[in-house]
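Chemist: Remember, our numbering sits 67 above the position in the sequence shown when you count from 1.
In this text, a Cβ means the ideal position worked out from N, Cα and C, and glycines have one as well.
Bear in mind that the values here come from a model prediction, so they are computed numbers and not experimental data.
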Amino acid sequence: MVLRPVISKLLGKLVVLASSSPRRLEILHNAGLRFEVVPSWFKETLDKGLFKAPYEYAVETAKQKALEVARRMPFKHLKTPDIVIGADTIVTVDGKILEKPVDKDDAYRMLSSLSGKEHSVFTGVAIILCHEKENEEVDYQLIDFYEETKVKFADLSEDMLWEYINSGEPMDKAGGYGIQALGGMLVEYVHGDFLNVVGFPLNHFCKQLDLIYNQSTSSTDQECPSVHVSNSSSHATSTSTQPPPKMSTQFSHSTSSSTKRNSEPKPRPNSPSASQTHHTNDSPSFSPVHKVMKKNSNSEVGEGSWMLVNSLSKRIEIQSAELQDPEKATLPSTPSRGQAIELNVTEHEDGELKKEDLEQITELMDGFKASKALFTASELCIFDLLQSRPGLDAAQVAKEIKASVKGTERLLEACVSLGLLKSKDGMHHNPLYENADLAVRFLRSDAPFSLRGYIQHCNSTVWPLFSHLESAVREGTNQRERAFGKKSDDVFQDTYYNSQEVKLRFMKAMHSIAKVTGKAVATAFDLSNFKTACDLGGCTGALAYELTKAHPGLSVTVFDLPAVVEMSEHFYPQQKDNRVSFVAGDFFQDELPKADLYILARVLHDWPDEKVHILLTEIADAAAPGCAVLIAETMLDGQTPYSALQSLNMLVQTEGRERTASKYAEMLRKHRFGKTHVVHTKNFLDAVISIKIS
Ligand SMILES: C[S@@+](CC[C@H](N)C(=O)[O-])C[C@H]1O[C@@H](n2cnc3c(N)ncnc32)[C@H](O)[C@@H]1O
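(1) Run the CB neighbour count on I428, radius 10 Å, all protein chains shown included, and call it buried at 16 or more, exposed below.
(2) If we ignore side chains and look at the alpha-carbon of each, how far apart do N497 and Q463 end up?
(3) If you reduce the DSSP assignment to three classes, tell me which class Q713 lands in.
(4) Bridge partners for C197 per DSSP, in chain order?
(5) Tell me which residue opens and which closes the alpha helix (DSSP H) that T128 is part of.
(6) To which residues does DSSP link F189 through a beta bridge?
(7) Tell me, to the nearest whole angstrom, how far the beta carbon of F638 is from that of G605; I am working on the premise that it is less than 8 Å.
(8) E501 by DSSP, collapsed to three states: which one?
(9) Examine ligand 1 and report whether any of its heavy atoms sits within less than 6 Å of the Cβ of F649.
(10) From which residue to which residue does the beta strand (DSSP E) around G741 run?
(11) If you draw a straight line from the C-alpha of I580 to the C-alpha of L518, how long is it?
(12) From the DSSP output, read off the bridge partner residues of S648.
(13) Taking the beta carbon of A754 as the centre, do at least 16 other beta carbons fall within 10 Å, making it buried, or is it exposed?
(14) What span of residues does the beta strand (DSSP E) with V83 cover, start to end?
(15) Pull up the distance between the alpha-carbon of G116 and that of I164, whole angstroms please.
(16) Is any heavy atom in ligand 1 found nearer than 6 Å to the beta carbon of F638?
(17) Using a 10 Å radius around the Cβ and a threshold of 16 neighbouring Cβ atoms, would you call K742 buried or exposed?
(18) Tell me the DSSP secondary structure of F220 in three-state form.
(19) Quick one: what's got a C-beta closer than 8 Å to S471's C-beta in the same chain, skipping five residues either side?
(20) Could you tell me the boundaries of the alpha helix (DSSP H) in which E658 lies?
(21) For a test of the three-state rule: what should DSSP assign to T397, helix, strand or coil?
(22) Return helix, strand or coil for H180, following the three-state DSSP convention.
(23) What whole-angstrom Cβ distance do K146 and E185 have, given they're in contact under 8 Å?
(24) Where does L77 fall in DSSP's three states?
(25) Do F654 and L682 have their C-beta atoms within less than 7 Å of each other?
(26) What does the alpha-carbon distance come out to for the pair H688 and A125?
(27) C525 to W674, Cα distance in whole Å?
(28) Looking at C-alpha atoms only, which residue of P148, C273, G162 is the closest neighbour of K119?
(29) Helix, strand or coil for H535? Go by DSSP, reduced to three states.
(30) Is V623 near ligand 3, judged by its Cβ being under 6 Å from some heavy atom?
(31) Determine the direct distance from the alpha carbon of G493 to that of H295, and round the result to whole angstroms.
(32) Whole angstroms are fine: how far does the CA of F751 sit from the CA of L499?
(33) Excluding the 5 residues preceding and the 5 following A440 in the sequence, name in chain order all residues of the same chain whose CB lies nearer than 7 Å to its CB.
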């Protein structure tokens with residue numbers, strides 16, 4: 068991004084800032100932006116309890132502020148702006164949202180809750196692009212995003228607190244302080260964009276302008292075919308590989324008296340509009356206002372989840388001109404997307420059957436359907452397609468993935484209901500789809516933390532194995548023969564590495580999980596005393612690279628079967644690190660490389676206790692006193708569903724199992740390893756380390 072050209076794109080346009088905050092004014096003015104200030108009349112009264120995450124509240128408030136100005140100006144100011152910018156800054160601490168204090172006591176309450184702690188400052192920003200049409204209608208396009216900055220306050224004494232409050236500075240500022248003035252003295256550190264704390268994330272804003280005006284989102288599709296779609300929806304038609312910016316679709320606002328009822332934006336104070344969407348810090352998104360809304364939901368819901376809400380609720384209140392009396396409310400058989408109604412679900416307990424219980428049991432009964440919908444969408448490259456071409460409708464998606472429109476429609480709606488996709492109304496209320504935050508972060512192939520490899524492994528290998536769970540439980544053995552028709556002694560050498568295709572798929576699965584867990588494992592302990600490490604069964608080297616990144620003095624040898632080592636280079640074609648090397652061998656048979664630290668990440672769970680003891684004997688023989696073993700596994704200690712289900716996974720796949728940290732400690736002790744230190748990371752894997760004593 069080159070800053071001046073971005074700002075200069077706005078020269079000659081009527082840019083309006085829907086905020087009177089002097090700090091926002093100053094930031095934008097200093098950046099060279101020419102704009103008018105039209106303070107929004109929107110009252111900041113949205114119910115915070117209705118938002119899942121604090122940033123959604125800030126984004127929604129910013130959006131409503133900007134919308135109010137964009138709609139008012141053609142009438143009251145008799146001119147239509149080109150761009151309206153709205154912003155809202157909030158401070159969050161201990162799960163609470165702090166806005167501007169109402170009086171000194173409120174300021175005291177806020178500032179003392181920040182004392183000595185780290186808090187987050189979120190600014191939600193909405194950019195509305197207004198396009199005046201020949202018939203005096205105005206089309207609006209909305210892009211929103213948020214920025215988070217972490218700020219830590221020093222311990223504040225009572226004297227300091229009151230001195231600051233009495234200075235008068237806290238009163239008009241979110242969280243009760245202004246970092247750019249006296250309040251700066253309270254701050255120990257800032258992580259992130261400083262201007263975001265002042266009130267406007269200038270850098271992120273400029274990046275969004277760049278996206279809007281230079282259309283420069285990138286698409287690198289690693290596995291799925293690259294997409295060339297001629298988009299017939301309302302946003303810019305493109306036949307090149309370069310996608311349009313992630314915004315689009317209009318709602319119209321007529322300057323004539325016959326306002327278009329169904330297409331005019333109608334922000335509803337005290338209730339979030341349908342635009343409570345999750346999006347990444349980087350992805351702007353368009354949010355239409357007319358959607359079927361599930362109360363307390365952070366996402367727009369499609370018909371599928373509407374039906375679920377419907378079936379779990381005794382009474383639905385329909386707020387529309389036609390139906391005012393909730394007692395008389397009846398359900399429309401199929402709420403059409405274009406209908407200007409919002410549904411608010413009224414909680415109604417029928418005594419014995421609680422909604423939460425029904426939801427919990429439904430989630431469990433239907434969990435497999437959700438998994439399979441995710442697997443299928445991933446398999447069909449839907450998340451990659453929508454990453455490079457957001458805003459396609461079901462027919463366009465179906466054409467690209469070579470599938471039926473009927474089936475694609477249902478899969479897309481299921482993904483919307485699961486929070487994987489977002490949908491918005493296109494022309495003739497035809498839903499247009501784009502990736503939701505989860506898909507952007509984990510489901511597209513080129514995301515740094517893409518789990519696509521693991522999902523494919525789940526679909527092709529774990530799913531068939533789990534369909535024989537009952538046999539596995541009855542027999543206490545893995546189900547490889549039943550699922551794949553072939554008897555095998557060693558899951559790796561006889562099953563996964565028998566075909567190049569299956570091997571690569573398995574390696575991709577391991578790689579994707581190791582990328583997500585690598586940093587948490589690599590930084591679980593202070594490893595600065597170790598110079599050399601050997602990652603036994605280290606597969607693609609994903610953890611090894613995280614280890615060398617986290618510990619500059621450490622070199623890591625990845626030790627794995629020859630079939631794996633010959634492919635490992637494929638995973639790091641460019642990024643070579645001469646502190647990572649690969650050695651091919653069999654850890655049950657060959658001599659292990661010498662190292663100060665032996666790492667076993669998701670290796671021991673593949674094997675029964677006898678085999679674990681063989682491997683630990685090998686390591687104990689190779690390791691001198693003072694050397695250590697680091698085990699990274701999902702440990703059963705907390706009995707979370709994740710680790711317990713992983714243990715079932717080991718049952719259907721291997722001869723191994725998940726274990727508790729104390730079980731690993733007991734096993735290590737038998738091989739002359741001493742006290743075990745355990746770290747339960749917040750990631751998929753936990754870690755134990757133990758030093759050899761003799
Ligand atoms: C479940 S994977 C874990 C991979 C990696 N440590 C991770 O956390 O992503 C188990 C690894 O052990 C390797 N492995 C299995 N048997 C082995 C053996 N006999 N000798 C060396 N490596 C082996 C597999 O090839 C595979 O890479």
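Modeler: Checking against the coordinates, here is how it stands:
(1) Position 361 of the sequence shown, counted from the start, is the residue given in the question as residue 428. Looking at its Cβ environment, which holds fewer than 16 other Cβ atoms inside 10 Å, I428 is exposed.
(2) Locating residue 497 in the sequence shown gives position 430, where the first residue counts as 1. Locating residue 463 in the sequence shown gives position 396, where the first residue counts as 1. Spanning the alpha carbons of N497 and Q463 requires a straight line of approximately 11 Å.
(3) As a working note, residue 713 is residue 646 in the sequence shown. Note: Q713 maps to helix in three-state DSSP.
(4) Here residue 197 refers to the residue found at position 130 of the sequence shown. Residue pairing from DSSP places C197 in a beta bridge opposite Y207.
(5) For the purposes of this step, residue 128 is taken as residue 61 along the sequence shown, with counting starting at 1. It spans 121-139 - the alpha helix (DSSP H) in which T128 sits, taken as one unbroken run.
(6) For the purposes of this step, residue 189 is identified with residue 122 of the sequence shown, where counting begins at 1. According to DSSP, which records beta bridges pairwise, F189 is partnered with I157, E215.
(7) Walking along the sequence shown from the start, residue 638 turns up at place 571. Walking along the sequence shown from the start, residue 605 turns up at place 538. Incorrect: roughly 11 Å between the Cβ atoms, too far for contact.
(8) Within the sequence shown, numbered from 1, the residue matching residue 501 stands at position 434. In the structure shown, E501 sits in a strand (DSSP, three-state: E or B).
(9) What you label residue 649 is simply residue 582 of the sequence shown in a count that begins at 1. For ligand 1, not one heavy atom lies less than 6 Å from the Cβ of F649.
(10) Indexing the sequence shown from 1 puts residue 741 at position 674. Run containing G741: 740-746, per the beta strand (DSSP E) assignment.
(11) Position 513 of the sequence shown, counting from 1, holds the residue named residue 580. Position 451 of the sequence shown, counting from 1, holds the residue named residue 518. Distance from the CA of I580 to the CA of L518, rounded to the nearest whole angstrom, comes to 7 Å.
(12) Within the sequence shown, numbered from 1, the residue matching residue 648 stands at position 581. As a beta-bridge residue in DSSP terms, S648 pairs with T624.
(13) Within the sequence shown, numbered from 1, the residue matching residue 754 stands at position 687. Burial state of A754 is buried, judged by a 10 Å Cβ sphere holding 16 or more other Cβ atoms.
(14) In the sequence shown, the residue the question calls residue 83 occupies position 16. The continuous beta strand (DSSP E) containing V83 extends over residues 82-84.
(15) Stepping through the sequence shown from its first residue, residue 116 is reached at position 49. Stepping through the sequence shown from its first residue, residue 164 is reached at position 97. Rounded to whole angstroms, the separation of the alpha carbons of I164 and G116 is 10 Å.
(16) Counting from one through the sequence shown, the residue named residue 638 turns up at place 571. No, Cβ of F638 sits at least 6 Å from all heavy atoms of ligand 1.
(17) Residue mapping note: residue 742 aligns to position 675 of the sequence shown, counting from 1. Counting of Cβ neighbours within 10 angstroms places K742 among the exposed residues, the total staying below 16.
(18) On the sequence shown, residue 220 is found 153 positions in, with the first residue counted as 1. Strand.
(19) Within the sequence shown, residue 471 is the residue found at index 404, counting from 1. Contacts found: A465.
(20) One-based indexing of the sequence shown puts residue 658 at position 591. For E658, there is no enclosing alpha helix (DSSP H), since its DSSP letter is neither H nor E.
(21) As a first step, residue 397 is located in the sequence shown; it is residue number 330 there, counting from the start. Below a pLDDT of 50, predicted positions are generally treated as unreliable, and T397, at 40, falls in that range; the measurement from the model is reported next regardless. It is coil, neither helix nor strand.
(22) Along the sequence shown, one-based indexing puts residue 180 at 113. Note on identity: in this sequence residue 180 is Ser, with His being the wrong assignment. When DSSP states are grouped into helix, strand and coil, S180 belongs to the helix group.
(23) Taking the first residue of the sequence shown as position 1, residue 146 is located at position 79. Taking the first residue of the sequence shown as position 1, residue 185 is located at position 118. 45 Å between Cβ atoms; not a contact.
(24) Position 10 of the sequence shown, counted from the first residue, corresponds to residue 77. Correct three-state label for L77: coil.
(25) Mapped onto the sequence shown, residue 654 falls at position 587. Mapped onto the sequence shown, residue 682 falls at position 615. Judged by their CB atoms, F654 and L682 are nearer to each other than the 7 Å cut-off.
(26) Reading the sequence shown from its first residue, position 621 is the one you call residue 688. Reading the sequence shown from its first residue, position 58 is the one you call residue 125. The sequence shown places Asp at residue 688, not His. Here the C-alpha atom of D688 lies approximately 59 Å from the C-alpha atom of A125.
(27) Within the sequence shown, the letter at position 458 stands for residue 525. Within the sequence shown, the letter at position 607 stands for residue 674. Taking the straight line joining both Cα atoms gives about 20 Å.
(28) As a first step, residue 119 is located in the sequence shown; it is residue number 52 there, counting from the start. The candidate whose alpha carbon is nearest that of K119 is G162.
(29) Start at 1 with the first residue of the sequence shown, and residue 535 comes out as number 468. Three-state result, H535: coil.
(30) Ligand 3 is not among the ligands present in this structure, which contains only ligand 1.
(31) To locate residue 295, count along the sequence shown from 1; it is residue 228. To locate residue 493, count along the sequence shown from 1; it is residue 426. Bear in mind that the predicted position of H295 carries a pLDDT of just 31, short of 50, making it too unreliable to give a figure here.
(32) Residue 499 sits at position 432 when you count from the first residue of the sequence shown. Residue 751 sits at position 684 when you count from the first residue of the sequence shown. Taking the straight line from one Cα to the other gives about 34 Å.
(33) Counting from 1 along the sequence shown, the entry for residue 440 is found at position 373. Same-chain partners within the cutoff: L478, A481, C482, L485.
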